[in-house]
Amino acid sequence: MAKTPEVAQSFVNELIPKLNKKWEQEAQLLKDHMDASCVLSDKGCIQWYDITFMINEVKKKLLNVSETEIQEYFPMDVTITALFDIYQSFFDITFHQVDNGSELWHDDAKTLEVVDNASGATLGFIVIDLFPREGKYSHACCHSVVPPVRLPESETEFSPSLSVVIANFPAASGDRPALFLHSDVETFFHEFGHAIHGLMGRSKMSTFAGTRVKRDFVELPSQMLEEWLWEPEILRKITKHYKTNEPLPDDLIEAKVKSKNAFSGRDTLRQLQFATYSLDIFGLPFSAQPTEKLDTTRLFYDIEPKVLPGMEYARDTHFEAAFGHLTGYGAGYYGYMWSKVFALDVFDYIRSRNGLLDPKLGRRYTECIIGVGGGQDPNLSLQKFLGREPNNKAFLDNIGI
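Encoded structure:
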């Protein structure tokens, strides 16, 4: 979509100053309400290892948002069933759990068959493996195992696809069931969105099937789906207190939704910091015999005050060594923010037409955007769905600038 490094870098550079003023206000708010257990750096900066705690404390004090209280309304089994209902409504599909017996790698893993309601055909299968265990990958992700490829000698039939959604959510403990944080719900909805994309993106060639699309487009479908989880009607639908069975009260919904943009300056700049680092690393001239040693840690520290002034990583650590997206995304990490711009434009279009649970609009979205796989320029797909050129208005409104 961006097509050149220069366009990608310009996109990042233009956003940073727009967000700096908001972040400056957020940082001052955090310092004004800083807990005694937090200590600023020698330069008066907020330490990275304190930031999440400080944000949560401010949300509790000033916005009446307690994530642990809200968590009690997200028992995993109830929430996942409700989330599946949303997918089934919007995409006009049906899930059937498959009895795999002992065929999968662990009893925690479950398989869903996905059936198209219009044709009755099996679109594919999604395996979900959501709890931590020794030796398991420790983050959340989605892997496309078998893409939906058109069968030989057929114009309409495709092979069923297979995707695997992996996560590490806390399991039940004693009388307390497994409970999601709201951010966990977003994570699950996001990764399951990749699985749906992998299912729907049909193509004649496997290299263009499923999620095999432009790197700076691949996050759009999942990031768009995350926005469902900030809508009051959806929050009422997917919540049920694990003791009382009551949905999330309106006052907590209002407070949670209001808190969405409270620290969007920091959140967005953090992503732009990582994007800048990946563009810089992969933009360095290649030399088979480098004449000087590259200090990758110093490069990251040098970016920090330019993008997120007032924040400081702990020195004598090597963040880049744990930045896994550098190997998976390369210079394309900017694609998370690039995709989000268009994700919010698409979401705003759907919401403005009361389409969050509308299968007709969902089918049109599938046909125009995710159903073509990587076989069409994403810019053309967006124009076809929106009926106009995409823009960044919804994105800027969403982050409060």
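Just so you know, we're using UniProt numbering here: the sequence shown kicks off at 1 and counts up by one. Glycine included, each C-beta is placed from N, C-alpha and C at the ideal position.
Check, Outcome
"Per DSSP, the bridge partner or partners of D116", "I93"
"Beta-ladder partner(s) of M311, from DSSP", "I46"
"Runs of beta strand (DSSP E) lying entirely within the segment 132-163, each at least 3 residues, in chain order", "141-146"
"L179 in three-state terms, based on DSSP", "strand"
"E155 to Y333 span [Cα, whole Å]", "36 Å"
"T297 versus A275, E312, T244, A321, residue with shortest Cα-Cα distance", "A321"
"Per DSSP, cross-strand counterpart(s) of S173", "R176"
"Three-pair Cβ contact test at 8 Å for the segment 178-196 versus the segment 70-82", "yes"
"Nonlocal neighbours in the same chain, by C-beta distance under 8 Å from T366, ignoring five residues either side", "F91, M200"
"Cβ contact check for the segment 340-349 and the segment 50-68: 3 or more pairs under 8 Å", "no"
"Where K110 sits in the DSSP three-state scheme", "strand"
"CA-to-CA distance, L225 to S352, given in whole angstroms", "15 Å"
"heavy atom of the ligand ATP below 6 Å from W23 C-beta", "Ligands in the displayed structure: none, and consequently the ligand ATP is not present."
"Coarse secondary structure for I16, derived from DSSP in three states", "helix"
"Residue range of the unbroken alpha helix (DSSP H) whose run includes residue 415", "Missing from the structure shown is residue 415; the chain here goes from 1 to 401 and no further."
"Top-ranked residue by Cα proximity to H96, from D85, F300, K59", "D85"
"Own chain residues within Cβ distance below 6 Å of G400, not counting five before or after", "N261, S264"
"Rounded Cβ spacing between E134 and T122 (contact assumed at less than 8 Å)", "Incorrect: roughly 34 Å between the Cβ atoms, too far for contact."
"Check whether G210 and S159 have beta carbons under 7 Å apart", "no"
"Opening and closing residue of the alpha helix (DSSP H) in which D250 lies", "250-258"
"Residue closest to E304, alpha-carbon to alpha-carbon, out of T207, T276, L294", "T276"
"Own chain, CB closer than 6 Å to K340, minus 5 neighbours either side, in chain order", "Q223"
"Span separating the alpha-carbon of I281 from that of A331", "8 Å"
"D345 - containing alpha helix (DSSP H), residue span", "335-352"
"Same chain, Cβ closer than 8 Å to M205, five either side skipped, listed in chain order", "V149, G375"
"Buried or exposed (CB count within 10 angstroms, at least 16 for buried), A8", "buried"
"G124 - partner residues in DSSP beta bridges", "V114, S161"
"N- and C-terminal bounds of the alpha helix (DSSP H) containing K393", "393-398"
"Ordered list of beta strand (DSSP E) runs contained in the segment 348-391, each at least 3 residues", "none"
"Neighbourhood of E69 by C-beta distance below 8 Å, restricted to the same chain and skipping five residues each side", "L252"
"Which of helix, strand or coil DSSP assigns to S222", "helix"
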